[in-house]
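K.L.:
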Amino acid sequence: MSRDTGPYRPGTAAARHRPHRADEPCAPGSALYARALREGRVHSREAEPVPCLVDFGLLHPDVDDMRWLLPSEPAHALLRLLRGIEEEVAHERQREAEVAAAFEPLLALGRPSATTAVAGSGAGAARTPARDRPAALTPLRGVPRITAAIDAAVSRCTREVLTIQPGGFRPVSDLGSAPPREQALLSRGCRMRTLYQHTTRHAFPVIAHFERLEGDVEVRTLSEVTEQLVVFDRTVAFLPADRDFAEALEVRAPALVGYLAALFDRLWQLATPMFPHPAAPQPAENGVTARQRTIAELLVEGLTDADIADRLGMNVRTVRVHISKLATNLGSTSRAQLGFLIGRSGILGPGQTR
-1 MSRDTGPYRP
9 GTAAARHRPH
19 RADEPCAPGS
29 ALYARALREG
39 RVHSREAEPV
49 PCLVDFGLLH
59 PDVDDMRWLL
69 PSEPAHALLR
79 LLRGIEEEVA
89 HERQREAEVA
99 AAFEPLLALG
109 RPSATTAVAG
119 SGAGAARTPA
129 RDRPAALTPL
139 RGVPRITAAI
149 DAAVSRCTRE
159 VLTIQPGGFR
169 PVSDLGSAPP
179 REQALLSRGC
189 RMRTLYQHTT
199 RHAFPVIAHF
209 ERLEGDVEVR
219 TLSEVTEQLV
229 VFDRTVAFLP
239 ADRDFAEALE
249 VRAPALVGYL
259 AALFDRLWQL
269 ATPMFPHPAA
279 PQPAENGVTA
289 RQRTIAELLV
299 EGLTDADIAD
309 RLGMNVRTVR
319 VHISKLATNL
329 GSTSRAQLGF
339 LIGRSGILGP
349 GQTR
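Take -1 as the starting number for the sequence shown in the numbering used here and just add one per residue.
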């Protein structure tokens, strides 16, 4: 609905309303919407100072009497607003992909000159042929080539390794072959930091794997993490190029590697310690565990059970058990009602129940 529809005319109180985003609700608008929910409706004149309520779909005209405005269900309004935010995020991600694609051939070329000075700028300065420098981006196809590239990075690593491992825990077969290579890094004085998903906290093979290592190694967990990532000494990173891990991308462009390392640092600060000093489990609030709150957030976003399981590294059956417990705790008898009750209950925290 446009702002010049109904009572919202230029020159009225609506014209003095400061425009704001949906995720930055104004206090007068929030108060009027709350009253509309309690009383069932509000007069259109009362909404003139806060046209954001109609603009964001929180209030809509009563078709039987256009003088009155009716409140939309909070859960439905929240889903609509979140969908708009998701579209903005998707648009920005598309822009990122387009910029990266445009720069990929330029990064591979590096500097246009045939040689690059590595020390000083005088006539006697040592120079390295540009063709001998590692490429900024190198596609790796096939497990043998990927393994060889990672082994080479491991052998040159002298300070730290940052790893993100999504999708639960690694197979025992992988864990069994990893300690010698990882222990060699730790024995050289390197620091290892690894991020897993929360589901790994109960994976005993993973815990046993890290207990066998000696050195500066830490593990933390999050509800959700990014795709797999390995960064060595903040100078080279490896990313999967397909879901089967048959292709990977070796990244040496300083700006991109720095961005990936900074992303890891941000996630690390948000994560919960798992090894060597695990954090105490968060107590349930009002009978709702931290994991159930995460599932509730994804339910409100409109994700299916399978999507939630994929995001959190869980199986679908476990997700449905948690949803069933949520429904019982909130007194819900249907999935549609559950979304409404989640929004009203306050379990999502401040800023997520509007």
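Ideal Cβ placement from N, Cα and C applies to all residues, glycine included.
DSSP state of residue 223, grouped into three classes?
P.N.:
The residue labelled residue 223 in the question sits at position 225 within the sequence shown. It is coil, neither helix nor strand.
K.L.:
Enumerated in chain order, which unbroken segments of the alpha helix (DSSP H) with a length of 4 residues or greater are wholly contained in the region 291 to 319?
P.N.:
303 to 310
K.L.:
Taking the DSSP output, what are the residues bridged to residue 138?
P.N.:
Within the sequence shown, the letter at position 140 stands for residue 138. Beta-bridge pairing links residue 138 to 246.
K.L.:
Just tell me which of 332, 196 and 213 has its CA closest to the CA of residue 221.
P.N.:
Here residue 221 refers to the residue found at position 223 when the sequence shown is read from its first residue. For the residues 332, 196 and 213, the minimum Cα distance to residue 221 belongs to 196.
K.L.:
Just reading off the alpha helix (DSSP H) that residue 60 is part of, what are its end residues?
P.N.:
As a working note, residue 60 is residue 62 in the sequence shown. Premise fails: residue 60 lies in the beta strand (DSSP E), 57 to 60, not in any alpha helix (DSSP H).
K.L.:
Helix or strand or just coil, what does DSSP make of residue 124?
P.N.:
Numbered from 1 along the sequence shown, position 126 holds the residue referred to as residue 124. With a pLDDT of 48 at residue 124, under the threshold of 50, the predicted position of this residue should be treated as unreliable, though the coordinate-derived value follows. Residue 124 falls in the coil class under three-state DSSP.
K.L.:
Residue 101 and residue 162: beta carbons closer than 8 angstroms?
P.N.:
Translated into the one-based positions of the sequence shown, residue 101 becomes position 103. Translated into the one-based positions of the sequence shown, residue 162 becomes position 164. No.
K.L.:
Where residue 234 and residue 249 are concerned, what is the direct C-alpha to C-alpha distance, given to the nearest angstrom?
P.N.:
Looking up residue 234 in the sequence shown gives position 236. Looking up residue 249 in the sequence shown gives position 251. Within the model, the alpha-carbon separation for residue 234 versus residue 249 is close to 6 angstroms.
K.L.:
What is the DSSP secondary structure of residue 151, counted as helix, strand or coil?
P.N.:
Here the question's residue 151 lines up with position 153 in the sequence shown. Of the three classes helix, strand and coil, the one that applies to residue 151 here is helix, per DSSP.
K.L.:
Would the region 69 to 76 and the region 331 to 348 be scored as touching if the rule is three or more Cβ pairs under 8 angstroms?
P.N.:
Yes, they touch.
K.L.:
Can you tell me the Cα-Cα spacing of residue 365 and residue 182, whole angstroms?
P.N.:
With the chain running from -1 to 352 in the structure shown, residue 365 is simply not present.
K.L.:
Does residue 211 come out as helix, strand or coil in the three-state DSSP assignment?
P.N.:
Taking the sequence shown and counting its residues from 1, the one referred to as residue 211 is at position 213. It is coil, neither helix nor strand.
K.L.:
Using the DSSP secondary-structure output, state which residues sit across from residue 191 in a beta bridge.
P.N.:
As a first step, residue 191 must be located in the sequence shown, where it is residue number 193. DSSP lists 160 and 216 as the beta-bridge partner residues of residue 191.
K.L.:
How many angstroms separate the CA atom of residue 330 from the CA atom of residue 158?
P.N.:
Working through the sequence shown from its first residue, we reach residue 330 at position 332. Working through the sequence shown from its first residue, we reach residue 158 at position 160. Between residue 330 and residue 158, the C-alpha separation is close to 49 angstroms.
K.L.:
Taking a contact to mean a Cβ-Cβ separation below 8 angstroms, would you say residue 253 touches residue 229 in this structure?
P.N.:
In the sequence shown, residue 253 corresponds to position 255, counting from 1. In the sequence shown, residue 229 corresponds to position 231, counting from 1. The Cβ atoms of residue 253 and residue 229 do not sit closer than 8 angstroms to each other.
K.L.:
How many Å lie between residue 164 and residue 50 at the Cα?
P.N.:
Taking the first residue of the sequence shown as 1, we reach residue 164 at position 166. Taking the first residue of the sequence shown as 1, we reach residue 50 at position 52. So the alpha carbons of these two residues sit roughly 40 angstroms apart.
K.L.:
For residue 48, which of helix, strand or coil comes out of DSSP?
P.N.:
Indexing the sequence shown from 1 puts residue 48 at position 50. Residue 48: coil per DSSP, three-state reduction.
K.L.:
Going by C-alpha distance, which of 178, 216 and 211 is nearest residue 191?
P.N.:
Within the sequence shown, the letter at position 193 stands for residue 191. Out of 178, 216 and 211, 216 has the C-alpha closest to the C-alpha of residue 191.
K.L.:
Output the distance between the C-alpha atoms of residue 17 and residue 46, rounded to the nearest integer angstrom.
P.N.:
Locating residue 17 in the sequence shown gives position 19, counting from the first residue. Locating residue 46 in the sequence shown gives position 48, counting from the first residue. In a straight line, the C-alpha of residue 17 is about 13 angstroms away from that of residue 46.
K.L.:
If I measure Cβ to Cβ from residue 320 and keep anything under 6 angstroms in the same chain, skipping five residues before and after, which residues do I get?
P.N.:
Locating residue 320 in the sequence shown gives position 322, where the first residue counts as 1. These residues qualify, in order along the chain: 290 and 293.
K.L.:
If we ignore side chains and look at the alpha-carbon of each, how far apart do residue 67 and residue 53 end up?
P.N.:
For the purposes of this step, residue 67 is taken as residue 69 along the sequence shown, with counting starting at 1. For the purposes of this step, residue 53 is taken as residue 55 along the sequence shown, with counting starting at 1. So the two alpha carbons sit approximately 13 angstroms from each other.
K.L.:
From residue 303 to residue 318, what does the alpha carbon distance come to, in whole angstroms?
P.N.:
Position 305 of the sequence shown, counted from the first residue, corresponds to residue 303. Position 320 of the sequence shown, counted from the first residue, corresponds to residue 318. For residue 303 and residue 318, the gap between their C-alpha atoms comes out near 7 angstroms.
K.L.:
Apart from the five residues on each side of it in sequence, which residues of its chain come closer than 7 angstroms, Cβ to Cβ, to residue 231?
P.N.:
Counting from 1 along the sequence shown, the entry for residue 231 is found at position 233. 155, 156, 157 and 158.
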